[in-house]
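Trainee: Let me give you the structure first, and then I'll get to my questions.
In the numbering used here, the protein residues as written are 430 to 589.
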């Protein structure tokens, strides 16, 4: 683990991204940065309302920016610093990006006190599909596995 002063320095930068974004009216009070070898390679702020995109969370935006900068779909050797504990969607995106560490300042409980309560999503994820509040149903149909069979045979596929 990095030394505490370095972690706090990067968390303060993520918080500055969040504050600037919020003050400009682009979205909620969330910011994130991606660091590789001591250099910031990606920045992101919550742009949900300004982009009309529910996936435009700070961590997702920072991941997109870093991947573009690095020319890669993975963040090997990178660290993500977020002003707040990542929500379930962002946590999933972070795991897919495969950084070596995640650091955050505020907790999801802190966010809930400010009106951003993701707890219902955490509760929904663990429920059986047929018990979720949004209708979720697997509908197998003739040929639904075809693309997976084609993928397995594809000689030039890029594993991820």
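Glycine included, each C-beta is placed from N, C-alpha and C at the ideal position.
(1) Starting from residue 460, follow the beta strand (DSSP E) in both directions and report where the run begins and ends.
(2) Roughly how many whole angstroms lie between the Cα atoms of residue 493 and residue 502?
(3) Pull up the distance between the alpha-carbon of residue 587 and that of residue 489, whole angstroms please.
(4) Check whether the Cβ atoms of residue 433 and residue 534 sit closer than 8 angstroms, and answer yes or no.
(5) Return the chain-ordered list of same chain residues with a C-beta closer than 6 angstroms to the C-beta of residue 485, the five sequence neighbours on each side being excluded.
(6) Can you grab the Cα-Cα spacing for the pair residue 581 / residue 496, in whole Å?
(7) Indicate whether residue 547 and residue 507 have their beta-carbon atoms separated by less than 8 angstroms.
(8) Between which two residues does the alpha helix (DSSP H) carrying residue 438 extend?
Mentor: Answer, in terms of the structure:
(1) For residue 460, the uninterrupted beta strand (DSSP E) segment begins and ends at 460 to 465.
(2) Distance between residue 493 and residue 502, taken at the CA atoms: about 9 angstroms.
(3) Cα to Cα, the separation comes out at about 22 angstroms.
(4) Cβ distance not < 8 angstroms, so residue 433 and residue 534 don't count as in contact.
(5) So the list reads 476, 477, once near-sequence residues are dropped.
(6) The alpha-carbon atoms of residue 581 and residue 496 are separated by roughly 26 angstroms.
(7) Contact: no.
(8) Judged by DSSP secondary structure, residue 438 falls within the alpha helix (DSSP H) whose first and last residues are 433 to 452.
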